[in-house]
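Undergrad: Sequence positions in the sequence shown follow our numbering and run 17 to 418.
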Amino acid sequence: MPVLRRGVTVALGLARHRAGVAALWSAASVCLFLRTWQGAVNAFDFLVVHTAARSVLAGQDPYADPLFLYLPSSALLTLPVALLPPSAAAAAAALACVAAVVVVCWSSARLLAPGSPPWLVPLTLLVVLVSPAGGALTVSANTEFFAVAALPVLYRWAADGRWRRFGVLLGITLAVKPILLALVVLAVLARSWRAVAWAAGIPAAASAAGLAVMPGGHALLPVVLERMAHGSPEPVSPWMEVSLAGVLRNGAVGPEWILLARVLVLLLGAAAVVVRWSRGDAGTPRTVQVGTLLVLTSVVGAPLAWDHYAVLLVPLFASAADGLTTSRHRRTVLWCSLPLAVLLVPRLDPVREPFGYGFQAGTALLVVLLVLCVEAFRAPRRPFPHVRRTVPGRRAHRVEPA
């Protein structure tokens, strides 16, 4: 550990210089160009939604494609882009996805760590872009780009108590892709029922409108249930799944044990969320940690998940650069960075059973979740409400209950 800390200190010392910051931006710019080109050439995730939207325009059932498992609102919101040819739509989606990575890195540093050094944004951007997880997000032009870009803003508004804005923005992200569904619990914990109503009402209304204009929408539920029960269909490789269920399925574990493991993970994550929310002062570190716990619990405990969901952890690491952040929060980030370093190495063979890339990335995310849970249970308790804080120059008086 002293060697690791010394290496990090030396690296950060070099990055603080103006030349080091310029070098980071130059390297990140090259990666941005490369990922944009790769996304424009591939964009296979976005093209699934694009094809569904074109099917709606042609009066066909979008759910005839087994890979289209999004809400009806996704096809509805993509209708304007469906007028473009696939190559132009893929290029637009690749640009939007790369822009979302820039936004999440920049917003995480500026909104969650306002006192962060100038090297934080280019360094975070470079790490995300060179990692296989960030590459999977941008190369596929994944439709979760809007949720990725909105995540730091959601945390900032939640920490500031702007729950109506939080609910509206969260509802829009859920209408595009419900990857951040677990964040509704943040509004529930804050007892902001209007935010919950906005977050649930916007995707519900958009999906109802989508069902009204598309044929075959009734097939959504059985298709989704089949996917949840049996994992990813072909030609998507099941060995790329990083959820706990996917990792265990690749290891030929029985379905009853997989269900038990998922339940235990969900219960552990839920307990850590409640404990962390009830301990410590309200503020940005608590909001980011609870939000990350919710998102990561939903990813690890999901029936299937992919490695690019790891990009949703960027706000947690960027928030540790704030000068006002507690040392405990920084220690949590340090411990989480060790297993996540696995996602920076080249992918293992995705078809090698059972320890392929899915096992590599899935185990890393599981360990990060366990670290966050342990730190949540060890977080300091809030001062009791009947004890006033000490004011400089005065004694602290104990207020007895009536």
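Glycine included, each C-beta is placed from N, C-alpha and C at the ideal position. Computed from a predicted model, the values in this text were never measured in an experiment.
Starting from PRO88, follow the alpha helix (DSSP H) in both directions and report where the run begins and ends.
TA: Where PRO88 is concerned, the enclosing alpha helix (DSSP H) stretches over 88-93.
Undergrad: Keeping to the same chain, check which residues put their C-beta closer than 8 Å to that of VAL384; ignore five residues upstream and five downstream.
TA: Cβ neighbours of VAL384 beyond the five flanking positions: LEU312, LEU329, CYS352, PRO355 and LEU356.
Undergrad: Looking only at its own chain, which residues have a Cβ that is under 8 Å from the Cβ of ILE218, when we skip the five neighbours before and after it?
TA: Contacts found: VAL184, GLY187, ILE188, LEU190 and ALA191.
Undergrad: Which value, in whole angstroms, describes the spacing of the CA atoms of GLN76 and ARG70?
TA: The straight-line gap from Cα to Cα measures roughly 9 Å.
Undergrad: Would you say ALA225 and LEU92 are within 8 Å of each other, going by their C-beta atoms?
TA: Cβ atoms of ALA225 and LEU92: closer than 8 Å.
Undergrad: Would you grab the beta carbon distance between LEU202 and LEU309 for me? Rounded to a whole angstrom, and I think it's under 8 Å.
TA: Wrong, their Cβ atoms sit about 10 Å apart, outside the cutoff.
Undergrad: Taking the continuous alpha helix (DSSP H) assigned at PRO133, which residues delimit it?
TA: Careful: PRO133 lies outside any alpha helix (DSSP H) and carries neither H nor E.
Undergrad: Is the beta carbon of ALA98 sitting closer than 8 Å to the one on LEU73?
TA: Yes; because the gap between Cβ atoms is below 8 Å, this pair is in contact.
Undergrad: Just the Cα atoms here: how many angstroms apart are LEU141 and ALA166?
TA: Their Cα atoms are separated by approximately 16 Å.
Undergrad: Should LEU381 be labelled buried (16 or more other beta-carbon atoms within 10 Å of its own) or exposed?
TA: When all chains shown are included, LEU381 counts as buried.
Undergrad: Please determine, among VAL291, GLN376 and LEU280, the residue with the shortest C-alpha to C-alpha distance to ALA326.
TA: The residue with the shortest Cα to Cα distance from ALA326 is GLN376.
Undergrad: Hey, HIS324 and ALA152 are a contact pair by Cβ (cut 8 Å); roughly how many whole angstroms apart?
TA: That belief holds up - the Cβ atoms of HIS324 and ALA152 are roughly 4 Å apart, short of 8 Å.
Undergrad: State the DSSP-derived secondary structure class of PRO251, mapped to helix, strand or coil.
TA: With a pLDDT of only 45 at PRO251, under 50, the local geometry of the prediction cannot be trusted, and the value read off the model is given with reservation. Here PRO251 sits in coil by DSSP.
Undergrad: Rounded to the nearest angstrom, what separates ASP2 and LEU205 at their Cα positions?
TA: The chain is shown only over 17 to 418; residue 2 falls outside these bounds and no answer can be derived.
Undergrad: Where does ALA152 sit, in a helix, a strand or coil, going by DSSP?
TA: Helix, per DSSP.
Undergrad: Over the uninterrupted alpha helix (DSSP H) stretch that includes ARG70, give me the two end residues.
TA: That run of the alpha helix (DSSP H) goes 60-73.
Undergrad: Under 8 Å between the Cβ atoms of VAL269 and TRP322?
TA: No, the Cβ-Cβ distance between VAL269 and TRP322 is not below 8 Å.
Undergrad: Does the stretch 284-293 come close enough to the stretch 343-350 that 3 or more CB-CB pairs lie under 8 Å?
TA: No, the stretch 343-350 is not in contact with the stretch 284-293.
Undergrad: When DSSP labels each residue in this structure, what does SER103 get in the three-state scheme?
TA: Correct three-state label for SER103: helix.
Undergrad: Looking only at C-alpha atoms, which of VAL37, VAL143, ALA157 and TRP255 sits nearest to ASN58?
TA: For ASN58, the nearest C-alpha among the options comes from ALA157.
Undergrad: Could you spell out the range, first to last residue, of the alpha helix (DSSP H) harbouring SER208?
TA: Segment: none, SER208 is in no alpha helix (DSSP H) and carries neither H nor E.
Undergrad: Can you name the start and end residues of the alpha helix (DSSP H) that GLY372 belongs to?
TA: Where GLY372 is concerned, there is no enclosing alpha helix (DSSP H), given that its DSSP letter is neither H nor E.
Undergrad: Straight-line CA distance for ALA174 to ARG181?
TA: In a straight line, the C-alpha of ALA174 is about 9 Å away from that of ARG181.
Undergrad: Report, in whole angstroms, the separation of the C-beta atoms of SER223 and LEU87, which I expect to be a contact under 8 Å.
TA: Between LEU87 and SER223 the Cβ distance is about 5 Å, and since that is below 8 Å, they are a contact.
Undergrad: Do LEU359 and PRO148 have their CB atoms nearer than 8 Å?
TA: Closer than 8 Å, so yes.
Undergrad: Note the first and the last residue of the continuous alpha helix (DSSP H) segment covering ASP272.
TA: Rather than Asp, the amino acid found at residue 272 in this sequence is Glu. Looking at the DSSP string, the run of the alpha helix (DSSP H) that includes GLU272 is 271-294.
Undergrad: Rounded to a whole number of angstroms, what is the C-alpha to C-alpha distance between ARG278 and TYR373?
TA: Cα to Cα, ARG278 sits roughly 20 Å from TYR373.
Undergrad: From TYR79 to ALA221, what distance separates their C-alpha atoms?
TA: If I take the Cα positions, the gap works out to 19 Å.
Undergrad: Can you name the start and end residues of the alpha helix (DSSP H) that GLY45 belongs to?
TA: With the sequence shown as reference, residue 45 is identified as Ser, and Gly is not the correct amino acid for it. 34-57 is the extent of the alpha helix (DSSP H) around SER45.
Undergrad: As a quick exercise: from SER103, ALA35 and VAL143, pick the residue whose alpha carbon is nearest that of TRP53.
TA: Taking only the C-alpha atoms, the option nearest TRP53 is SER103.
Undergrad: Leaving out five residues on either side along the sequence, give the residues of the same chain with a beta carbon under 6 Å from the beta carbon of GLY409.
TA: Model confidence at GLY409 stands at a pLDDT of 42, short of 50, so the residue's coordinates are unreliable; what they give is reported in the following sentence. Excluding positions up to five away in sequence, the list is empty.
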